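**Student:** Okay, so the sequence shown: first residue is 263 according to the numbering used here, each after it adds one.
Quick reminder that beta carbons are idealized off the backbone N, C-alpha and C, glycines included.
Remember, it's a predicted structure, so these values are computed and weren't measured experimentally.
The structure is given below, and queries will be raised subsequently.
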Amino acid sequence: MESTQGPGAARLVGRGEQTARLSEALESARTGAGGAAVLLRGEAGIGKTALLEWTADRAAGAGFTVLRAVGSEVEREYAFSGLHQVLWPLLEQVQDLPPHQRDVLEHALGVRPGLPPGGFTVGASALALLAAAARSRPLLLLVDDLHWVDSSSIAVFAFLHRRIAALPVVIVSASRPEESTVEAWSMHPVEVGALSSAEAGELLDLRHPGLAGSTAARLLDEAGGNPLALVELPRQLRRGQLRGIVPLPEQLPLGRRLERLFADRLAGLTRAAERVLLLAALAGPGAAEGSASWLRAVGEDVEFVLESLEATGLAQLDSAGRLGFRHPLVRRAVISRASGARQREAHRLLAEGLTADDPRRLVHESSAALLPDEDLAARLQEAGHRLVRRGGDSEAALLLDRSAALTADPADRARRLTWAAVAAARGGQLRHTARLVEEIGRGPVPADIAPLFSYAVVYVDQSHRVEFESSVELLPGTIEALARPGAESFGGLAEQAYFKLLLAAVYTGDARAWKVLADHRGQVSPLARLCHRAWSDPARTAHGVPGLLTALLDGLDRGQEAGAAWLLLWTAAAVDAADGPLRRRFAGQHGYATRGSVAKAEVYRAYLRGRWNEDATCLHEAEAAEELGYHCNALLFRHYHAHFLAGRGDEEGLHAADRRIRPVAERAGMRFVTDQLDHLHALAALAHGRDEDAYGRLTALMSPGELPAGLPWFHLPFLDLVEAAVRTGRRAKAAAHVAAGRAARMDEISGHHAFLLAAAEAIAADDRHADALYEAACAVPGARRWVFPFARLQLAHGLRLRARGCRDADALLRKARRTFEELGAAPWAARCTGHPGAVEAPSGGLPPSGPPRRPLTGQEVRIARLAATGLGPAEIGERLGTGPQAAATGLARALAKLGVAEAPGLGPALTAAGLLAPAAVPQAR
């Protein structure tokens, strides 16, 4: 809206930072350097749509194919409606895809009858279509009002934006800050804020030249930097008011009241024109089906009505003859202006214009209903259950909510509200679930729905309130009730209740929960039994779990897969086997509950596999989980972030994380978190050479020679305890622990367990056997995948070789040091030089020449350039808007990649790498 020259303008006032980011993304895709995704976030009317239009014009001029979608409040209930808008222009190219992917997309886009598949398959097929289309021309996908896009499409867009880096594809989306739907994307948004006073004055002068000084000052004051208000407010004034001759009208506040601006213009329309606008607003953007029917209902010359609407500037016909609004605020103003009776009448007309099997007809019928209607409520409930079965929990919750609202009988209403509560929880609307549970609990809960209600209560307590006592109080009875002959299954609720109780047992160690789980193992599926086996006492029960899990997974069809996602992921997590193929099978699941589980698996896998540059994702995911009300997930994401801090030896950051995490975990009795925090402090102590401290902390968790049943993640501190024992001269204790691992056949549990045992055995060995055992550890299949412990093995063996005067020592230590530097683990890197606690500078302390060891990301370059001027992490974080911790992490990675010990050496290093012009080398403060 803040274009200086109207549509197609080459410049937007006050949007230099945003347009630079967008230009960079387009140029990268155009030149083949890679794709990118940009999320614009700002208040209504702030200029997001103008930025999208600017991007579209820029891309079209550069030869891009531009695809668009616009979110709509009334279409949020239609699965894949947003994806339909984006991919419809590429429909002909769908025929060139492999048959399976073609079938998937044709179902999702409504070309073929039947329910579209969900989850990963739609995302993978859409990605294949975009990749094919991008072979001839780069692609730009624009998604406006992302906060109103259906959650199924959002899941696919999120899947795409994580996987377009290698394609000439750019995705630019716009959303409002108060909406939480897109927080689960873990994408750092580009904020679009209010214009400064100078920028607002420039825009006002460009769009409305000749204003009187007093008028301009008043408009600037009332607009508060909102571009839409700056453009629109003067249009409502008479000529005399613009010139300062006639007094100005009363102040028009911004925000929601800005919609009244359009309401004033709407007041001048005929009744027929108002009806057309309301029908178009409720039908949603691009809704052409059935439009002929409701346009005939206007009862006047339709062409005259449409022409009069275009003349107002409120709406216009596109090339396909569809009526579109000039700005989303117009649509909202139209709807808010209409009375409830007029809205219901419009929904009735819209429903009549759609076929009986169109799911939108059902939604319009429900919106048109005023009184209870059992037939309609039953149809809504059945539609909701169909969506649940294919993973569309978020959309299902809306239908089930509406079904309950149209139900007269209190018991039936409670039943439908309970189903809505469970669907809302799985779909990422946990706060709404909490409200529904509270409402249902105020009245009598029908006995036949009690198991499902108990499950909903536990869901809220575990995920939202971070409480686990109700799990032990309610779930045993629920599991027993569901196991009775002839009991209602509630769509496999027994499995889900068993899983929730298993979560409570693992997180808290509650003996009551473990007993119930053991007692009911025979009444659940093989997958649930395998999950219990993987977690109950891994040192004695988890052998062979990865292979059994693979066999079970191969035997599941897509429908079974969606319902078993949590059990599959949690089983894999027990043995560190949540590999890419498994996670990708569920990455496109609609509900946040599953997507959150996938995200937890991904960030933990990043830690295990040495992708420590992804550590900030933990904090982004934690913020997204908090926004959605999943406080337990937020706690766990911060807990995983603490792993990166401990691995790097960042004790200050670890203590800060502990202060935030531990009180919540202790209140909930989550030993899973508190014990691991104790382990992480021991790991950090090892990094800094405080070996006695580390040994004391580790033996508080597990005694040497014992693998306790109450520590299902016993393998993680296993190597640390052996190393601490060796460092403190307790070789007999180290040998005893290795012997316990060997006796427990730890190497038969998983590849990670096998490597940790072999590495511990090599570190604990005497000099006669050390070389052979080191080679054996390196030969464990997949050993190098476990980047951090593998580097520690190299370090320990390298130091042993150095003590023996072997030539190979230095080469091995250099390899270990390089890995630690890439991880940002400075204390560990310093141990490779023989100077624990200090990072050795490159040879002679001189800056390296030529390109860095690994390419720096754009953010790392920005951080390094600022650090070269003498700024510290706090100042850099404030300037870049990342926060001090992210800045410190980025700086550590930049130093490691450039081979520089300290910030003062960054200027020459950046210059040598061609990342800073010689004349621009800043002087450190």
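1. Kindly indicate which three-state DSSP category Val1183 falls into: helix, strand or coil?
2. Excluding the five sequence neighbours on either side, which residues of its own chain have a C-beta within less than 8 Å of the C-beta of Ala618, listed in chain order?
3. DSSP has Val431 in a bridge; who is on the other side?
4. Considering Thr812, what are the terminal residues of the alpha helix (DSSP H) in which it resides?
5. Report the CB separation of Ile923 from Ala904 in whole angstroms; it is logged as a contact under 8 Å.
6. On the DSSP letters alone, give me the boundaries of the alpha helix (DSSP H) that Arg952 sits inside.
7. Thinking C-alpha only, which one of Trp350, Thr833, Asp635 and Gly278 is nearest Val328?
8. My guess is that Gln643 and Arg606 are in contact by the Cβ rule of under 8 Å, so how many angstroms apart are they, rounded?
9. Got a sec, what are the start and stop residues for the alpha helix (DSSP H) Leu1057 sits in?
10. Quick one: any contact between the stretch 926–938 and the stretch 769–782, if contact means 3 or more CB pairs under 8 Å?
11. If the criterion is Cβ atoms closer than 8 Å, does the pair Leu779 and Leu764 meet it?
12. Closest by CA to Ala295, which one among Pro430, Pro489, Leu531 and Arg704?
13. Determine the DSSP secondary structure at Phe566, reduced to helix, strand or coil.
14. In the structure shown, what three-state DSSP assignment does Val332 receive?
15. Thinking C-alpha only, which one of Ala956, Pro496, Leu1085 and Thr936 is nearest Gln984?
16. Once DSSP output is grouped into helix, strand and coil, what is the label at Gly278?
17. Assuming Leu1160 contacts Ala1175 under a Cβ cut-off of 8 Å, what Cβ separation, rounded to an integer in Å, is found between them?
18. For the beta strand (DSSP E) that Gln578 lies in, which residues bound it at each end?
19. Helix, strand or coil for Ala299 per DSSP?
20. Among Gly325, Ala836, Asp912 and Phe752, whose alpha-carbon lies nearest the alpha-carbon of Ser398?
21. Indicate the three-state DSSP secondary structure (helix, strand or coil) for Val707 in the structure shown.
22. Could you check the C-alpha separation between His609 and Arg704 for me, to the nearest Å?
23. With distances taken between CB atoms, is the gap from Leu1055 to Leu1063 smaller than 8 Å?
24. For Pro400, is the classification buried or exposed, using 16 other Cβ atoms within 10 angstroms of its Cβ as the cut-off for buried?
25. Look at the alpha carbon of Gly753 and the alpha carbon of Arg622, and state the distance between them as a whole number of angstroms.
26. Going by DSSP, what residue range makes up the beta strand (DSSP E) through Gly586?
27. For Ile1025, which of Glu464, Ala1053 and Val837 has the nearest alpha-carbon?
28. Could you give the residue range of the alpha helix (DSSP H) that holds Ala839?
29. In terms of DSSP beta bridges, what is Ala354 paired with?
30. So, at 6 Å on beta carbons, what are the nonlocal neighbours of Gln938 in its own chain, with the 5 sequence-adjacent residues on each side left out?
31. Taking only three categories from DSSP, how would you classify Ser437?
32. So, helix, strand or coil for Thr990, using DSSP?
33. Would you report the Cα separation of Ala801 and Glu636, rounded to the nearest angstrom?
34. Helix, strand or coil: how does DSSP classify Glu1023 here?
35. Just to confirm before moving on: does the CB-CB distance between Ile426 and Ala299 stay below 8 Å?
36. Closer than 8 Å is the cut-off here; do at least three beta carbon pairs connect the stretch 796–811 with the stretch 985–998?
**Tutor:** Put simply:
1. With a pLDDT of only 44 at Val1183, under the threshold of 50, the placement of this residue in the model should not be trusted; the figure read from the coordinates follows. Residue state, collapsed to three classes: coil.
2. none
3. Leu401
4. Val807 to Asp816
5. 7 Å
6. Taken as a continuous stretch (DSSP letters only), Arg952 belongs to no alpha helix (DSSP H), as it is neither H nor E.
7. Trp350
8. Their Cβ separation, rounded to whole angstroms, is 21 Å, which puts Gln643 and Arg606 out of contact at 8 Å.
9. Val1049 to Ala1065
10. yes
11. yes
12. For Ala295, the closest of Pro430, Pro489, Leu531 and Arg704 by C-alpha to C-alpha distance is Pro430.
13. Helix at Phe566.
14. strand
15. First, the amino acid is wrong: residue 984 is Val here, not Gln. Minimum Cα distance to Val984 is reached at Ala956.
16. helix
17. 7 Å
18. Ala577 to Leu579
19. strand
20. Closest by alpha carbon: Gly325.
21. coil
22. 33 Å
23. no
24. buried
25. 25 Å
26. Element bounds for Gly586: Leu585 to Phe587.
27. Ala1053
28. It is not in any alpha helix (DSSP H) - Ala839 carries neither H nor E in the DSSP assignment.
29. Here the sequence assigns Glu to residue 354, which means Ala is not the residue at that position. Paired residues: none, contrary to the question.
30. Here the set comprises nothing.
31. strand
32. coil
33. 55 Å
34. helix
35. It is a contact, given that the beta carbons lie within the stated cut-off.
36. No: fewer than three Cβ pairs fall under 8 Å.
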